[in-house]
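K.L.:
My questions will all concern the structure given below.
In our numbering, the protein residues as written are 182 to 461.
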């Protein structure tokens, strides 16, 4: 049996529609789904730095990009001093991956159009149900989490062997059944690997579209066994919030603390970061 405690960790002005985060030492990296900037927030000094990662001459601004143009960066993961920022693939404008070197500060763009097409073909998920919201890179394989908020409710994990995501060949799709609220199945919004456990967050949103938002019914935290992919537990953490990013803050015996970011589906450049404590 698990118990949870949710509290505000910090409020940050200048960031809107937060969709992914990763804590590296004292620096919290945050992406927004409507932004061409990577946000670097120092949790000690409270200083915010914006790093441009999108260089599209057709954009007249890098924050609050219009919905039809936005890159929809929904997944942020880390491996060996690099951040990987992935578009959701839910429209043709959302197939970009950014590699960002934390030390060299180098930005590299990758086109995921072909591999996303392969994922859809293998899983038999069409354009209206494909929506990558979380990613894990272990160095040997990629795990991409499809958010099943389309009409077909296709929650699941794409497992791609090897380091090269762009040219991924060994691909399989594992459907995952998640808990529901009022007959609305929750869907993946992010995940993080800790030891042999995949901790994920999911939200029940009353919509049948990967593009149009709906009423938020609640959110869960849960975990999967990395080797067997069996569900260990789920626990409801909110009745009205949609959390879209998760990162590990601390781990002690019998207790793990996570940081979560919330997408409030507004244009306001302000985000609240929450601390979620999970105890056995």
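Even glycine gets a Cβ: it sits at the ideal position worked out from N, Cα and C. Predicted, not measured: the structure shown is a model, and the values here were computed from it.
Taking C-alpha atoms, which residue in 398, 341, 184, 419 lies nearest to residue 304?
P.N.:
The residue with the shortest Cα to Cα distance from residue 304 is 341.
K.L.:
What does residue 327 pair with, by DSSP beta-bridge criteria?
P.N.:
313, 337.
K.L.:
Within 10 Å of its beta-carbon, does residue 206 have 16 or more other beta-carbons around it, so buried, or fewer, so exposed?
P.N.:
The residue is exposed, with fewer than 16 neighbouring Cβ atoms inside 10 Å.
K.L.:
When the Cα of residue 384 is compared with those of 375, 359, 407, 347, which residue comes out closest?
P.N.:
For the residues 375, 359, 407, 347, the minimum Cα distance to residue 384 belongs to 359.
K.L.:
What is the residue span of the alpha helix (DSSP H) that residue 296 lies within?
P.N.:
From DSSP, the alpha helix (DSSP H) with residue 296 extends over 294-304.
K.L.:
Hey, out of 300, 244, 381, 226, whose CA is closest to residue 276's CA?
P.N.:
Closest option to residue 276, Cα to Cα, is 300.
K.L.:
Could you tell me the boundaries of the beta strand (DSSP E) in which residue 423 lies?
P.N.:
From DSSP, residue 423 is part of no beta strand (DSSP E); its letter is neither H nor E.
K.L.:
Straight-line CA distance for residue 302 to residue 434?
P.N.:
The alpha-carbon atoms of residue 302 and residue 434 are separated by roughly 43 Å.
K.L.:
Provide the residue(s) that pair with residue 412 in DSSP beta bridges, ordered along the chain.
P.N.:
DSSP, once it has assigned bridges, lists 405 as partnering residue 412.
K.L.:
Mind checking whether residue 364 and residue 399 have CB atoms under 8 Å apart?
P.N.:
Going by C-beta atoms, residue 364 is not nearer than 8 Å to residue 399.
K.L.:
For a quick check, are the C-beta atoms of residue 331 and residue 310 less than 8 Å apart?
P.N.:
Taking 8 Å as the Cβ cut-off, residue 331 and residue 310 qualify as a contacting pair.
K.L.:
Helix, strand or coil for residue 308, going by three-state DSSP, please let me know.
P.N.:
Here residue 308 sits in helix by DSSP.
K.L.:
Could you name the residues of the same chain whose beta carbon sits closer than 6 Å to that of residue 188, not counting the 5 residues immediately before and after it, in chain order?
P.N.:
Excluding residues within five positions, the ones whose Cβ falls inside 6 Å are 456.
K.L.:
Closest to residue 329 by CA distance: which of 344, 190, 312 is it?
P.N.:
It is 312.
K.L.:
So, helix, strand or coil for residue 400, using DSSP?
P.N.:
Correct three-state label for residue 400: strand.
K.L.:
Under 8 Å, do residue 264 and residue 283 count as touching if we go by C-beta distance?
P.N.:
Yes.
K.L.:
Sort out for me which residues DSSP pairs residue 366 with in a bridge.
P.N.:
DSSP output for residue 366 lists 361 as bridge partner(s).
K.L.:
Are the beta-carbon atoms belonging to residue 272 and residue 314 less than 8 Å from one another?
P.N.:
Taking 8 Å as the Cβ cut-off, residue 272 and residue 314 do not qualify as a contacting pair.
K.L.:
Can you have a look at residue 386 and say buried or exposed, based on whether 16 or more other CB atoms are within 10 angstroms of its CB?
P.N.:
Answer is buried; the Cβ neighbour count reaches 16.
K.L.:
What's the gap between the Cα of residue 428 and the Cα of residue 251?
P.N.:
Distance between the alpha carbons of residue 428 and residue 251 is about 24 Å.
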